[in-house]
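Heads up: the protein sequence lines correspond to chains A and B, in order. Going by this note's numbering, the first residue of the first sequence is number -19, and it counts up by one from there. Going by this note's numbering, the first residue of the second sequence is number 180, and it counts up by one from there. In what follows, a single structure is set out as structure tokens and then discussed.
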Amino acid sequence: MTVLDEPVRTRTRWSGLTSGQGLVGVIIVGVIALAGIFAPLLAPYDPLEQISGANLLAPNADHWLGTDQVNRDVLSRVLYGIRIDLEIAFVAVPIGAIIGGLVGLVSTLHPAADTAAQRIFDVVLAFPALILAITLAAIIGPGAFTVGVVIVLAELPIFGRLIRTSVLKVREQPYVEAAEVIGAGKLFVLRTHVLPNSLEPIGVQVALSLSLAVFVESAMSFIGIGVRPPEPSLGSIISDSIPNLDINAAFAVGPLVVVALLVLGFLLIAQGIGRERRS
Amino acid sequence: MTLLKIEDLTIAFGTAAPVVDGVSIGVDDGEIVALVGESGSGKSLTARTILGLLPDGADATGSVTLGDTQLIGANEALLGSVRGVRAAMIFQEPQTALNPVQKIGWQITQALQAHGRISKSEARSRAIELLELVEIPDAASRVDWYPHQLSGGQKQRVVIALALSGEPDLLIADEPTTALDVTVQAEILDLLQRLRKTRGTAILLITHNMGVVAEIADSVVVMREGRVLERQPVDRLFSDPSHQYTRDLLDAVPRLHEVRDRLHEKGSTEVLRLSDVSVVYPGRFGAASFTAIEGVDLTLSAGEVVGLVGESGSGKTTLGRLALGLVPATTGRVELLGATVGHLRASELRALRRGVALVHQDPAASLDPRRSVGQSIGEPLVVHKVATGAEVRSRTKQLLESVRLPADFVDRRPSELSGGQRQRVALARALALSPKLLVADEPTSALDVSVQAHVLELFAELREEFGFACLFVSHDLAVVDSVADRVVVLRRGTVVEEGRAAEVFRNPHHEYTRHLIESAPAAPVRAG
């Protein structure tokens, strides 16, 4: 017997990142990340080295972005700064996603757990990110670790709520009921059906959160409660450049462009993944 | 006189093969033309071209003239003067076609104001007139109601009133009754016919339902894969279809009163027994509690197929869920395979479920999109540890073959299959453990008729092979008649009639059953 109706066309999983906006985002983030990873090879100087006689030089053949107020090469500092920024973002965001996701998941199992988790999220969300950052810096002292903790805390409610709504929605799907009728246990259904399908929207959120993390690091270092000097980070370089803008403008332009491109790149990736999911 | 003339219409997306290919259709003043075909035949796109409602990227060529206005390539201003005024559209789903937060009178007033200057009080009295025209009782007060206060059929009447607000010469009705119960469908079809008679409105009716066609159309255009296969007056189409596809399509339509000599040996063991069962959903936030099932007795013997029929809200789906222990009984006893559901521990209930299975209405939603066809079908085997590893795979392939699908489908995803193929996969999963009881909840109502015919045929064959008992839930009497040994008619949670399928459908005792049977639009049987 022949089957009359025709099958629907297929699509591949990552096609959101291999074309259009998504691809542009991947290229931007990829190039910057490679520059950060290979900073030791690419940087013409040590980021902490004070070069005698090179105070606040304008860009030239030796120093493409000029030098800073204590005679360090700005380009080298930017390259190492990318490194620190991405390290923080790529460690803190997954930790926040995992902890937040687990809390969100647990909250779907019992109404009491749900109430508790939701109130905790409310408290975290009630603090503006900057107030949260200053409070934490006051308690545990400024530094790269504090930046990471702030990012994790800020991401907790975002991922927690995302996973919670997603699990609640997936649990109502007929394929979950179908599995229950088969006689599958709660854990089996959770592991094989609910979790894999609930994690769908996470890709978009991770990309968005990475862009937020870059921003949080820059902001915290800029106001002096982030990465400690003399370590270079994108935020601290921008902070250093402000009093010296009239002497070496390129000093600020380098890190600003990198921060802007990173945020843009992650947003484009998020859009690429999101568009693919909707289609 | 010809009102609408579509000539050599071709619609294509980009450089792909055209989805509508050289279609020519004419509609005369006051004529009802039915455009029939299965999903993907291009019937909706063809109709949407008239109002310039094609999706982005669609490129239409050819000629569509309404009166003497050319609509292909017309600008927005010209289309605006046509939409609602000379041709108007009635959509399938009245639920989404109406704005839920605005009173129906306001919505009609908006439409009236879009067609021309009209004062507030005039618009209101015109709105009431329109509601009276579509036979909404007590229109003067209901004009201030919100859509959620109306029933599905009344909502569709409001949608029709909206379409009539600009006094169009042509109504385009895209599956106007598909979302409605049969008895309501009959009323809406009546209304459309009366409107044509009193106002001379021509209707272009898009439908997949041959019964609806037979009921109201003057002539029929059959479309397939973007082409017109034939156009015939309605009587001739049913008595003497000229195209093989049309014949197949007509033969695929299940009919009531078909003579069958199918009487299964009734097993002596009981698979399911419901005794005086009620299901009450408690009221929340001050709302009254809702009784879905009230005092139902039902037994199902091994190998027997019982059809549960009724309209939406009759409790037929709840009853199916109840039998599987998915919904707890508020009062009464549910005995499934000899065990009393409700007194069981979770693990005992899970073990009991080895002997039961469920087939959902929408196979697109009942298969996990992330898992392969093989994983879905093999799941019962894995869950009950009946087989492991390579054994699961070979059993899965066998099951695919028993539902007449190629064995190499195991690695496909549900999204790569058609609706009919997915429903076969769902059947294969249901049969993996050779269940004693199968609950099929509207298993074919999401499918095209020809696909439905194949699935029903397969169902009969599988029944011979696997010998399961089945609770077959459906709103389509003809489908139930073609598969069920016994029929239970439900209305508002209670059983109004029960008996052998042949008896109930040919000689209904209860008035409601008779009403249901009369309302079902029937396609005439082709002679020969």
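Note that the Cβ used here is the ideal one computed from N, Cα and C, for glycine as well. Please read these numbers as outputs of a predicted model, since none were measured by experiment.
- Under DSSP, S242/B takes part in a beta bridge, and its partners are E186/B.
- Within chain A, the residues placing a beta-carbon under 7 Å from that of P559/B are I162, ordered along the chain.
- For A191/B, DSSP records a beta bridge to D238/B.
- Residue nearest to E621/B within the set A605/B, L610/B and P614/B is A605/B (criterion: CA-CA distance).
- The criterion of a C-beta distance shorter than 9 Å is satisfied by E217/B and V628/B.
- Per DSSP, E677/B is one residue of the beta strand (DSSP E) stretching across T673 to R679.
- Taking G128/A as the centre and dropping the five residues before and after it, the same chain places the C-beta of I68 and A72 closer than 6 Å to its C-beta, in chain order.
- Per DSSP, P20/A lies in no beta strand (DSSP E); the unbroken alpha helix (DSSP H) holding it starts and ends at A19 to L22.
- Annotation: the segment 362 to 410 of chain B contains the following complete segments of the beta strand (DSSP E) (minimum length 3 residues), in chain order: 381 to 386 and 398 to 403.
- Residues of chain B with a Cβ closer than 8 Å to the Cβ of P27/A do not exist; the shortest Cβ-Cβ separation is about 45 Å.
- Residue contact check for T172/A against chain B: a CB pair falls below 9 Å.
- Runs of beta strand (DSSP E) with 3 or more residues, each lying fully within the segment 309 to 358 of chain B, are found at 349 to 353, listed in chain order.
- Annotated as distal: L214/B and I229/B, with beta-carbon spacing of 9 Å or more.
- With a cutoff of 9 Å on beta-carbon distance, G390/B and P700/B are scored as near each other.
- The contact set of P154/A on chain B, defined by CB atoms closer than 7 Å, consists of H539, D541, A544 and S545 in chain order.
- Of all residues in the segment 168 to 195 of chain A, the ones placed with a Cβ closer than 9 Å to any Cβ belonging to chain B are F168, T172, H173, P176, N177 and E180, in chain order.
- Counting along the chain, the unbroken beta strand (DSSP E) around T470/B starts and ends at F469 to S480.
- The C-beta separation of V589/B from S551/B comes to about 7 Å, placing the pair in contact by the 8 Å criterion.
- Within chain B, the C-beta atoms nearer than 7 Å to that of G165/A come from R529, in chain order.
- The C-alpha of Q631/B is placed about 27 Å away from the C-alpha of Y691/B.
- Taken through DSSP and simplified to helix, strand or coil, Q554/B comes out as helix.
- Taking CB atoms only, P548/B has a neighbour in chain A less than 9 Å away.
- With respect to chain B, the C-beta atom of E157/A has a partner C-beta closer than 9 Å.
- In this structure A611/B does not touch L579/B by the C-beta definition: roughly 11 Å separates them, more than the 8 Å allowed.
- The beta carbon of L28/A is closer than 6 Å to those of P210 in its chain, skipping five residues each way along the sequence.
- Exclusion of the five residues before and after P24/A leaves D53, L55 and S56 as the residues of its chain whose Cβ lies within less than 7 Å of its Cβ.
- Inter-residue distance for T377/B and S330/B is about 25 Å (C-alpha atoms, whole angstroms).
- Within the segment 71 to 106 of chain A, complete alpha helix (DSSP H) segments of at least 4 residues are found at 91 to 106, given in chain order.
- At a cut-off of 9 Å, the C-beta of R406/B has no neighbouring C-beta in chain A.
- By the beta-carbon neighbour count (other beta carbons within 10 angstroms, threshold 16), K576/B is buried.
- Only buried fits E157/A, as 16 or more other CB atoms lie within 10 angstroms of its CB.
- In the structure shown, I283/B adopts helical secondary structure according to DSSP, grouped into three states.
- With a threshold of 16 other beta carbon atoms within 10 Å, Y155/A meets it and is buried.
- Taking one beta carbon from each stretch, the segment 193 to 204 of chain B and the segment 363 to 371 of chain B have fewer than 3 pairs nearer than 8 Å; the two do not touch.
- Between L626/B and the set G219/B, P614/B, P273/B and P355/B, the nearest pair of CA atoms involves G219/B.
- In this structure, the beta-carbon distance from D353/B to Q271/B falls below 9 Å.
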